[in-house]
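Novice: Let me begin by handing over the structure; questions about it come next.
In the numbering used here, the protein residues as written are 37 to 616.
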């Protein structure tokens, strides 16, 4: 029964573990599919990718899928041009993928970090990250695109360090890679960076072939206007109005507000007050607040030089207005940055809470599995011990039965009884038939109960009375047996033949003669049976001493009942038997 319960418990445990493992497998497989789909949406629809990631329940995710959620979320936010939160998320996932030496996802991490650094104008960091990205790239991104960004950022770094030769080489390499990729946005960005170089180096001859090619591809308009504006402003700042006018007049009419500002600045340097005021007033009507701010600064200087106090007051008022407008834009950017910081803190807090909850669940379930597994091991150990004990008891039972047969079917006892029976028959004693019936009853009882563990007290007393009759014929008045057992205890049970064995044990170890009478008493004491006799001991025989008592104790052990209690002194020997 215990074995069946253990097997049932083990089966239930294996079923629960199998179901849990299958459930975790399905959850993680579904999450992995959704993450792959969301990762593919980052370039096309980052908002949809972010929404898909946010809908994933992270409670039962594996550590890898959990980190992938943060990585895809960072990529989606970068695609939405939000850079503070992704930076924090990348700090969380980077150690994991570095520990796993996962070059595939390390490439994505360094690419995202390069994008963040690029948009934050941290050019040196951008160069470093895109360099790492090209090293770890595992066909995740086009290596030409990575090298384009790398050369572009190197050119910007060289520009800040006034390393003109290196700047030109890097930016031309970036333009070449952009043309290989045939990406219009990258080509436009490369031309824009080259515009800075030619504007500050005043390399007009070198820029002509470049912008001829750009005009043929349709990229010359805004880039050429920007180049001409920078050159004109540079010469105007150096008080070289003629050169500044040449470049200003080449700017397309689409950028007339910039042209008016430059012409106003040039006429102001030439002391042509009316013309300067005309162009500056016209440029101050621009929709670009930065052009308006520059125009009113020039008008303020012009009015101060001409002594027009009213004009100075009006220009200062306008100057304050546009400065406030620009500051408002900057303030709004600061507010947006503060909101992003708050969002970052909330995201970090939520991520930490989710991560702690994730590990707490896993630790909890691991402890449950360990405890259940330990309990199963203990139960199996107990089952093995019980089986071994049961096997030992069965062996002892078999040995006990053999010993009982050896004790009970004693050849001397048989020969004595047959000898007495022969004498009774030869002398024609009337007790011979009764003797035969009692002898038959005793041995029938022995054979019938040799395979039984329990027998009723009434049956044992009935067999015992037949056995006592045999003893009385043999020993006559030298043995006296008294039985006083209450009716209430006769329905209870004891191991079979123990009463007969106790009487035989008493006869075997005591003197039985007319000079040394043996008194045996069998009586009940509550729910127990007591067998006692007076002590007239013989010289002990080591080969047979206490074999019967050991046999009785083993029989009681097999039934699970309390062992017999033995009391002995110089005058009396008492054995107390428990009943069931």
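The beta-carbon is built from N, C-alpha and C at its ideal position, and this holds for glycine as well. Since this is a predicted model, take the numbers as computed values, not measurements.
Could you tell me how far apart the beta carbons of residue 203 and residue 233 are, in whole angstroms, since I believe they sit closer than 8 Å?
Specialist: For the purposes of this step, residue 203 is taken as residue 167 along the chain shown, with counting starting at 1. For the purposes of this step, residue 233 is taken as residue 197 along the chain shown, with counting starting at 1. Contact flag correct, Cβ pair sits at about 6 Å.
Novice: So is residue 144 buried or exposed if we call it buried at 16+ other beta carbons inside 10 Å?
Specialist: Against the chain shown, residue 144 aligns to sequence position 108. Buried: at least 16 other Cβ atoms inside 10 Å.
Novice: Could you pull the DSSP bridge partners for residue 608 from this structure?
Specialist: To locate residue 608, count along the chain shown from 1; it is residue 572. The partner list for residue 608 (beta bridge, DSSP) reads 570.
Novice: If the criterion is Cβ atoms closer than 8 Å, does the pair residue 45 and residue 412 meet it?
Specialist: Counted from its first residue, the chain shown places residue 45 at position 9. Counted from its first residue, the chain shown places residue 412 at position 376. Going by C-beta atoms, residue 45 is nearer than 8 Å to residue 412.
Novice: Could you give the distance in angstroms between the alpha-carbon of residue 612 and the alpha-carbon of residue 600?
Specialist: For this step, residue 612 is matched to residue 576 along the chain shown. For this step, residue 600 is matched to residue 564 along the chain shown. Roughly 6 Å between the two C-alpha positions.
Novice: DSSP three-state label for residue 109, please.
Specialist: Position 73 of the chain shown, counted from the start, is the residue given in the question as residue 109. Note: residue 109 maps to helix in three-state DSSP.
Novice: Does DSSP classify residue 218 as helix, strand or coil?
Specialist: By one-based count along the chain shown, residue 218 stands at place 182. Three-state result, residue 218: coil.
Novice: Contact between the region 75-92 and the region 47-55: three or more CB pairs below 8 Å?
Specialist: No, the region 75-92 is not in contact with the region 47-55.
Novice: Measuring CA to CA, which of 201, 168, 213, 171 is closest to residue 187?
Specialist: Residue mapping note: residue 187 aligns to position 151 of the chain shown, counting from 1. Closest option to residue 187, Cα to Cα, is 213.
Novice: Quick one: what's residue 555 bridged to in DSSP?
Specialist: The sequence position of residue 555 within the chain shown is 519, counting from 1. In DSSP, residue 555 forms a bridge with 516.
Novice: Which term fits residue 112, buried or exposed, when burial requires 16 or more other beta carbons within 10 angstroms of its beta carbon?
Specialist: Within the chain shown, numbered from 1, the residue matching residue 112 stands at position 76. Per the 10 Å Cβ criterion, buried.
Novice: Looking only at C-alpha atoms, which of 165, 499, 455, 459 sits nearest to residue 476?
Specialist: Numbered from 1 along the chain shown, position 440 holds the residue referred to as residue 476. Cα-wise, what sits closest to residue 476 is 499.
Novice: Return helix, strand or coil for residue 603, following the three-state DSSP convention.
Specialist: As a first step, residue 603 must be located in the chain shown, where it is residue number 567. Strand, per DSSP.
Novice: Is it buried or exposed, residue 139, if we count other Cβ atoms within 10 angstroms and call 16 or more buried?
Specialist: For the purposes of this step, residue 139 is taken as the residue at position 103 of the chain shown. Counting Cβ neighbours within 10 Å, residue 139 comes out exposed, since fewer than 16 surround it.
Novice: Consult DSSP for residue 138 and reduce its assignment to one of helix, strand or coil.
Specialist: Against the chain shown, residue 138 aligns to sequence position 102. Here residue 138 sits in coil by DSSP.
Novice: Which of helix, strand or coil does DSSP assign to residue 370?
Specialist: Stepping through the chain shown from its first residue, residue 370 is reached at position 334. Note that residue 370 has pLDDT 47, beneath the 50 cutoff, so the model's placement of it is unreliable and no number is given.
Novice: Where residue 126 and residue 151 are concerned, what is the direct C-alpha to C-alpha distance, given to the nearest angstrom?
Specialist: Your numbering for residue 126 matches position 90 in the chain shown. Your numbering for residue 151 matches position 115 in the chain shown. Roughly 12 Å between the two C-alpha positions.
Novice: Helix, strand or coil, according to DSSP, for residue 377 in the structure here?
Specialist: As a first step, residue 377 must be located in the chain shown, where it is residue number 341. Caution is warranted here: a pLDDT of 45 is assigned to residue 377, below 50, making its placement in the model unreliable, and the coordinate value is therefore given only provisionally. Helix.
Novice: Which of the three DSSP states, helix, strand or coil, is assigned to residue 565?
Specialist: Along the chain shown, read from residue 1 onward, the residue named residue 565 stands at position 529. In this structure, residue 565 counts as strand in the three-state DSSP scheme.
Novice: If we ignore side chains and look at the alpha-carbon of each, how far apart do residue 54 and residue 81 end up?
Specialist: The residue labelled residue 54 in the question sits at position 18 within the chain shown. The residue labelled residue 81 in the question sits at position 45 within the chain shown. The straight-line gap from Cα to Cα measures roughly 39 Å.
Novice: State the beta-bridge partners of residue 613 as determined by DSSP.
Specialist: Here residue 613 refers to the residue found at position 577 of the chain shown. DSSP, once it has assigned bridges, lists 565 as partnering residue 613.
Novice: Based on Cα-Cα distance, which residue from 198, 222, 197 lies nearest to residue 209?
Specialist: In the chain shown, counting from the first residue as 1, residue 209 sits at position 173. That would be 222, whose Cα lies nearest to the Cα of residue 209.
Novice: Which whole runs of the alpha helix (DSSP H) in the region 182-219 are 4 residues long or more, in chain order?
Specialist: Listed in chain order, they are 200-217.
Novice: Give the secondary structure of residue 81 by DSSP, where H, G and I count as helix, E and B as strand, and everything else as coil.
Specialist: Looking up residue 81 in the chain shown gives position 45. In this structure, residue 81 counts as coil in the three-state DSSP scheme.
Novice: Distance, Cα to Cα, residue 416 vs residue 406?
Specialist: Locating residue 416 in the chain shown gives position 380, where the first residue counts as 1. Locating residue 406 in the chain shown gives position 370, where the first residue counts as 1. Looking at the two C-alpha atoms, the distance is approximately 15 Å.
Novice: Is residue 198 buried or exposed, if buried means 16 or more other CB atoms sit within 10 Å of its CB?
Specialist: Here the question's residue 198 lines up with position 162 in the chain shown. Exposed, since its Cβ has fewer than 16 Cβ neighbours within 10 Å.
Novice: Among the residues of its own chain, which have a CB less than 8 Å from the CB of residue 337, if the five just before and after it don't count?
Specialist: By 1-based counting over the chain shown, the position of residue 337 is 301. Here the set comprises 304.
Novice: Can you tell me whether residue 218 is buried or exposed, with buried defined as 16 or more other CB within 10 angstroms of its CB?
Specialist: Sequence index remark: in the chain shown, residue 218 carries index 182 (1-based). It is exposed - the Cβ of residue 218 has fewer than 16 other Cβ atoms within 10 Å.
Novice: Comparing C-alpha positions only, which one of 515, 334, 489 sits nearest to residue 531?
Specialist: The residue you call residue 531 lines up with position 495 of the chain shown. The shortest C-alpha separation from residue 531 is found at 489.
Novice: Which residue comes first and which comes last in the alpha helix (DSSP H) that contains residue 524?
Specialist: Locating residue 524 in the chain shown gives position 488, where the first residue counts as 1. Where residue 524 is concerned, there is no enclosing alpha helix (DSSP H), given that its DSSP letter is neither H nor E.
Novice: To the nearest angstrom, how far is the alpha carbon of residue 343 from that of residue 319?
Specialist: As a position in the chain shown, residue 343 is number 307, starting the count at 1. As a position in the chain shown, residue 319 is number 283, starting the count at 1. Between residue 343 and residue 319, the C-alpha separation is close to 22 Å.
Novice: Would you kindly work out how many angstroms separate the C-alpha atoms of residue 494 and residue 483, rounded to a whole number?
Specialist: Residue 494 sits at position 458 when you count from the first residue of the chain shown. Residue 483 sits at position 447 when you count from the first residue of the chain shown. Taking the straight line joining both Cα atoms gives about 17 Å.
Novice: In terms of alpha-carbon separation, which member of 497, 135, 283, 123 lies closest to residue 538?
Specialist: Taking the chain shown and counting its residues from 1, the one referred to as residue 538 is at position 502. Of the listed residues, the one whose Cα sits closest to residue 538 is 497.
Novice: Can you grab the Cα-Cα spacing for the pair residue 149 / residue 306, in whole Å?
Specialist: Looking up residue 149 in the chain shown gives position 113. Looking up residue 306 in the chain shown gives position 270. Cα-Cα distance, rounded: 50 Å.
Novice: Where do the N-terminal and C-terminal ends of the alpha helix (DSSP H) with residue 292 fall, by residue?
Specialist: For this step, residue 292 is matched to residue 256 along the chain shown. Looking at the DSSP string, the run of the alpha helix (DSSP H) that includes residue 292 is 292-305.
Novice: What residue from 429, 190, 533 has the CA that sits closest to residue 593's CA?
Specialist: As a position in the chain shown, residue 593 is number 557, starting the count at 1. Nearest option by C-alpha distance: 429.
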